[in-house]
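Accompanying notes for the structure given below.
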Amino acid sequence: MSFFGKNIRKIRTVKTLSQQAFADLFDLKRGTLGAYEEGRSEPKIETIIKIANYFSIPIDDLLTKELTVNKLLKFKGDIAADHEELIKEQFATIPCITQKNSADYITHYDKEQFIKDMPCLQLPINTEKTFRGYTVDSLEMSSNDKGLYPKDIVVGEFVPKKVYKKINNGVLVIVLVDKQLILRRLFITNETLVLRADHKNIEDLKINLKDIKEMWRIRYVFYHRLPEVADGIEEKLLFLEQEFAKLKSKKEGNP
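First residue of the sequence shown: 1, per UniProt numbering; consecutive thereafter.
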């Protein structure tokens, strides 16, 4: 039994082609194609070869196996190309600042070709916005074994200059100023930007807003290590505190 009829019907479904449109591709009549699909007629070998070659499907598979949608999408023909393009359209391409290219980025951040040549991340996030990836290279944003460590990656969304003063204090940002890329928390007072590290031993940096070349608000974080499992001490202390408050409330409510 040939699976040709079922398979070409499934191909049409994947490709969203009408019988007439499919028939036109191979110089067939619509009625002839309908007869193939319904098993009332068998195609000439020339027709089978044309269809198999067009969609890059092995002739043996086309005739002797009932093809699934997943199998059709794996073939390297026209169908697979459409599928691969669909996947790419769903992912944003994000240039990534690394330890190796950070010095060049400071110099060439506004050069379109340099940005295109940077290593990139691809993520399923908003493709209409502009993002930068940044590889953490210090312990400035770590505190008590928490926070960001070297080789962690953050992804920032571009912040236009007119929005600088509208950002909430404490937000994590990447700021590009003269000869420096800085990843810290932002605090703004009048025309002064204060960049604060989470590490308690690092002093604040104060920068005039007009000296900022670029600002990226951190939206995503990817850790290079697995997060440590909490030992539960904080949760236990919170539970005891709540129970103590209940006992105190009951005692105060009794005469």
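Don't be surprised by glycine CBs; every beta carbon is placed ideally from N, CA and C. Bear in mind that the values here come from a model prediction, so they are computed numbers and not experimental data.
Taking 8 angstroms as the cut-off, the Cβ atoms of Ser138 and Pro150 count as close. Excluding residues up to 5 positions away in sequence, Gly156, Glu157, Val159, Ile167, Val171 and Val173 lie with their Cβ nearer than 7 angstroms to the Cβ of Arg217 in the same chain. Pairing Asp61 with Val136, the inter-Cα distance amounts to about 50 angstroms. The residue among Leu17, Arg219 and Gln242 with its C-alpha nearest the C-alpha of Leu123 is Arg219. Note on geometry: alpha-carbon atoms of Ser18 and Ile48 lie some 19 angstroms from one another.
For the pair of segments examined, the region 241 to 250 was found not to touch the region 187 to 202: the number of CB pairs separated by less than 8 angstroms stays below three.
Boundaries of the alpha helix (DSSP H) around Phe4: Phe4 to Lys15. CA-to-CA, the gap between Ile45 and Ile51 works out to about 10 angstroms.
Under the 10 Å beta carbon count, Glu203 is surrounded by fewer than 16 other beta carbons and is classified as exposed. Less than 8 angstroms divides the Cβ of Val177 from the Cβ of Asp211. For Pro43, the CB contacts under 7 angstroms within the same chain, skipping 5 residues up- and downstream, are Phe4 and Tyr36 in chain order. The residues Ala92, in chain order, have a CB closer than 8 angstroms to that of Asn126 in the same chain once the five nearest residues on each side in sequence are set aside. Judged by DSSP in its simplified three-state form, Ile202 adopts coil rather than helix or strand. For Phe22, there is no enclosing beta strand (DSSP E); the enclosing alpha helix (DSSP H) has its first and last residue at Gln19 to Leu25. Cβ neighbours of Tyr223 within its own chain (closer than 7 angstroms, five residues either side excluded): Asp152. A straight line joining the alpha-carbon of Thr13 with that of Phe22 spans about 11 angstroms.
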